[in-house]
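Residue numbers (my numbering), protein chains in the order written: chain A, 2 to 175; chain B, 6 to 507; chain C, 522 to 859.
We put the CB at the ideal spot given by N, CA and C, even for glycine.
Let me begin by presenting the structure, written as structure tokens, before commenting on it.
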């Protein structure tokens, strides 16, 4: 499920679809295996009054393993998606990462300084570096959106959002 | 015709200026709540409930139920514009609504969604008005086997027709089931698949998966194609509402079927979410353009929206007449009734006539008010797509994070959302279908619970699923739907063989 | 990470409270929440605990009993363990309280998730919830004895008892009932009390042990009938609920020849390590709540036993209740496998 580095890439520039197929299928196979393992521990047989706790997950895990093995097989045999297709080229991948990495940093930011501060920084930074807006515009908009979220959630709807490990906004009293 | 008189009395109760004002406030608030993922109708109502204690109960329930209508309307907006379902029952709306927005037909999709919601809700209200006592009894027919058969039917009506490679459909669906199984097992009380990690105990909420898979995944896909949403060219013209209306009557059959599916699932506390999936599946099977579903068909928006709203509305009926909440929102409303000193249950219709008919009248009025408000805003909503990508993208990421957090107030969920986002991107590129995954995640544990409860009742005897006409009929219909494509293929095969023989 | 955050957050008001306490002549009850208080509900929306918490929120707002607001948050994952672990992690945070039901005792025993009431600070008992044996109104049994005899006669496992959750209070009572009478039921777990009552009205099961509030609407409408209450004395409410009967008219199970009793705690707890002033504040708050007409009415409607306890007395009660649950759960074979 994760975008772990796919092993083979080709001259055309980019991850090959084949590599991606196999990597994803391997991850799914592993997940299926985990499910089978834990279900077996819980008891996966059909008891006297119906299935036990692990009965359904056990077979779900088995089918997952089977399906992902089949996908690997098909890919290796060169059927399924085109053999030499490119999953993603380097240039677009760079663009995808230019969203994904800030998003990941943003989530890390939430963990540390809370949602509101992280959101303001995320929006401002994104606008400045990817949208080439002026610093002023970026910072103002980031702050406005974050403040609007604060008012909506904390003040009006009283839904407390995550304040982060350091809670820099604690002086606001929410 | 005593009921009609009572209804008009209800209108008189509901139509005071104060109540009308509350309706407007309620609907507007509801739309906002519906738009923000994570803030569901249940949240909105729960939070505002205390404010209403100083009002007369009838006014209070009018305002709260209008929040509910507003939220039902609002859920469609983000699904269509950004592929982020604000509410579980709007997932099916994204399948065709979002492609329409990408083609620059956001206004059309929104209008169709709002109008269908209105139609669905209206049909359900009419049914409540005239058939309440009759229909309420039907809900009691539903024991565990019946619930299982409904879920089974939902799965069957939805799967089996995907164009994706069959192994990938299988893998995606099983992944959904596996994720649904994480957490506590209702039947035995054991913790499953958490591997000693207590943070996982709450399980994978379907909203988090959906926000990630659809919302974040979509942003990543858009990024790959360049710094823009493809819906930017959306024409923004108030006339789009009327142009769309002119097209809608063509799809009356889809509407009608979806209304039936919706009302039925609303009453049986199956809920709006299965209703929307089932209606989409049925429409896809029966429509002439079924094969084109998923590429931006108007019908693909009409079907789930109509059904979701018919279900959402008729879910209030079991609550009022039996005291059984048909949805979490209804459950919170139920709590409100208790605080106002009203006792939901079979006697409510007898003891609190004013209240019940005032509420029913407000369902008519609230829906009309809601429709007018959201339709006038269609151009405004569509205009959101014109905001430059480098502004809207980070805001969407922020909104997704908020949505993911509010489901369980858990930081881990935000990380999971990000992970689901990456998964959504990769799956989409590799042609793993997301719909079966989501459906399995929503209904998987409920279906399993119902199945195992049935097995306890029958002491392991599978024949319980064919023990009466109701459950047997639904199971039969489900099996038929499951096997239908095979049957079609078999005919195709025979025809080819014949042709070859000639 | 989470623990650390809460500690940091909780420390500041704590210090403030402590300094105020040192400076002012009246230390007790001088603490007040300085920000909204999170009210954790370790159960889903619509259940008994949820209803009570939302009623409390409403009463507090309506009578202006607190300057800051009370925000109910459902944390129902893992049979409520999620909510309890949250409170456990919020050590020293006086802006968090939790409403409990029996899952305070049953969940850690049944699932092995590590928490117990000792990780929390007991604030006060709000009420004790009763359990009543219900059957469908059309069923031919007129007393608990009739019903149990019929169940025995039909043979083990033939009669179906529906309840909320697995290895929780409803199933504990079912097992206790079986032990006391020798009848054997098939226990079918559902997700909420409302579902359970509906299943009985629809005759999909033979009996339930719903709380009064979960089944009262159906009783009044003549769909269900109560056979006996699982307590050692009858419920005190004498006002007629249906045409013929009041809560007080329901015999205790003991009177009916079934020596089984069980009551469920509805109480308030706080995280461990909070200042006494904060605890006192909430004790006073809930005392005031008890005096409101809404609360009294709610107590009567749900036929609660409105016993109030706080401080040491409450702590002793909880400790005893936990011991009882350990015994009950062990006897029923519900303890988590190690």
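From the DSSP secondary-structure annotation, give me the bridge partner or partners of residue i.
i                      : result
residue 788 of chain C : C:621, C:646
residue 77 of chain B  : Per DSSP, none; premise fails for residue 77 of chain B.
residue 681 of chain C : C:707
residue 830 of chain C : C:646
residue 52 of chain A  : A:47
residue 655 of chain C : C:729, C:747
residue 17 of chain A  : A:87
residue 197 of chain B : B:188
residue 593 of chain C : C:560
residue 641 of chain C : C:792
residue 761 of chain C : C:767
residue 773 of chain C : C:750
Quick one: what's got a C-beta closer than 8 Å to residue i's C-beta in the same chain, skipping five residues either side?
i                      : result
residue 666 of chain C : 777, 778, 779
residue 354 of chain B : 137, 138, 325, 326, 361
residue 63 of chain A  : 33, 37
residue 55 of chain A  : 39, 40, 41, 42, 43, 44, 45
From residue i to residue j, what does the alpha carbon distance come to, in whole angstroms?
i                      : j                      : result
residue 199 of chain B : residue 26 of chain A  : 22 Å
residue 312 of chain B : residue 488 of chain B : 24 Å
residue 293 of chain B : residue 299 of chain B : 14 Å
residue 288 of chain B : residue 308 of chain B : 6 Å
residue 832 of chain C : residue 648 of chain C : 15 Å
residue 503 of chain B : residue 171 of chain B : 27 Å
residue 379 of chain B : residue 78 of chain B  : 8 Å
residue 412 of chain B : residue 123 of chain A : 22 Å
residue 140 of chain A : residue 630 of chain C : 52 Å
residue 545 of chain C : residue 553 of chain C : Residue placement at residue 545 of chain C is poorly supported in this model, since its pLDDT is 44, which falls under 50; the coordinates still yield a value, given next. Approximately 14 Å between the Cα atoms of the pair.
residue 714 of chain C : residue 18 of chain A  : 51 Å
residue 404 of chain B : residue 222 of chain B : 14 Å
residue 253 of chain B : residue 426 of chain B : 34 Å
residue 444 of chain B : residue 219 of chain B : 13 Å
residue 475 of chain B : residue 154 of chain B : 9 Å
residue 161 of chain A : residue 602 of chain C : 21 Å
Leaving out five residues on either side along the sequence, give the residues of the same chain with a beta carbon under 7 Å from the beta carbon of residue i.
i                      : result
residue 190 of chain B : 197
residue 830 of chain C : 645, 646, 838
residue 469 of chain B : 150, 459, 462, 463
residue 63 of chain B  : 18, 359, 360, 363
residue 144 of chain A : 121
residue 528 of chain C : Residue placement at residue 528 of chain C is poorly supported in this model, since its pLDDT is 39, which falls under 50; the coordinates are not used for a value here.
Please confirm if residue i has its CB atom under 8 Å from at least one CB of chain F.
i                      : result
residue 714 of chain C : The displayed structure is made up of protein chains A, B and C, and chain F is not among them.
Assuming contact is defined by CB atoms lying nearer than 8 Å, are residue i and residue j in contact in what I supplied?
i                      : j                      : result
residue 792 of chain C : residue 641 of chain C : yes
residue 499 of chain C : residue 652 of chain C : Residue 499 of chain C falls outside the range modelled here, since chain C spans only 522 to 859, and no answer is possible.
residue 402 of chain B : residue 224 of chain B : yes
residue 118 of chain B : residue 86 of chain B  : no
residue 145 of chain B : residue 729 of chain C : no
residue 815 of chain C : residue 569 of chain C : no
residue 451 of chain B : residue 156 of chain B : yes
Hey, is residue i close to the ligand ADP, as in C-beta under 7 Å from one of its heavy atoms?
i                      : result
residue 433 of chain B : Summarising the ligand content, the structure contains no ligands, and the ligand ADP is consequently not present.
Please list, in chain order, all residues of the same chain as residue i whose beta carbon is under 6 Å from its beta carbon, the five residues on each side excluded.
i                      : result
residue 2 of chain A   : Residue confidence is low: residue 2 of chain A scores 40 on pLDDT, short of 50, so the model does not pin down where it sits. No coordinate-derived value is stated.
residue 177 of chain B : 437, 438, 441, 442
residue 256 of chain B : 304, 307
Output, in sequence order along the chain, the residues in the stretch 549-563 of chain C whose CB is closer than 8 Å to any CB in chain A. From the stretch 549-563 of chain C, only 555, 556, 557, 559 have a Cβ closer than 8 Å to chain A.
Closer than 7 Å, Cβ to Cβ, to anything on chain A: give me those residues from the stretch 562-595 of chain C, in chain order. Residues passing the 7 Å Cβ filter: 590, 592.
For the stretch 395-419 of chain B, which residues have a beta carbon sitting closer than 8 Å to at least one beta carbon of chain A? Within the stretch 395-419 of chain B, the qualifying residues are 395, 396, 398, 399, 400, 402, 403, 406, 407, 410, 411, 414, 416, 419.
At a Cβ cut of 7 Å, what residues of the stretch 203-221 of chain B count as close to chain C, listed as they run along the chain? Contact residues of the stretch 203-221 of chain B toward chain C are 203, 206, 207, 208 (C-beta to C-beta distance below 7 Å).
At a CB distance below 7 Å, what residues from the stretch 268-285 of chain B approach chain C? Give them in sequence order. Listed by position, the residues of the stretch 268-285 of chain B near chain C (Cβ gap below 7 Å) amount to none.
Using a Cβ-Cβ cutoff of 7 Å, what residues of the stretch 104-132 of chain A are near chain B? List them in chain order. Residues passing the 7 Å Cβ filter: 104, 105, 107, 108, 111, 112, 116, 120, 123, 124, 127, 128, 131, 132.
Mind listing which residues of the stretch 628-657 of chain C have their C-beta closer than 7 Å to chain B's C-betas, in chain order? Residues 631, 632, 634.
Name, going along the chain, the residues of the stretch 138-160 of chain B whose beta-carbon falls closer than 9 Å to a beta-carbon of chain A. Per Cβ criterion, the list is empty.
Return the residues of the stretch 444-463 of chain B that lie within a Cβ-Cβ distance of less than 7 Å from chain C, sorted by chain order. Answer set for the stretch 444-463 of chain B: 458, 461, 462.
Members of the stretch 61-93 of chain B that neighbour chain C once the beta carbon cut-off is set at 9 Å: Residues: none.
Between the stretch 681-696 of chain C and chain B, which residues of the former have a C-beta closer than 8 Å to a C-beta of the latter? Taking 8 Å as the upper bound on Cβ-Cβ separation, chain B lies near residues 681, 686, 687, 688, 689 of the stretch 681-696 of chain C.
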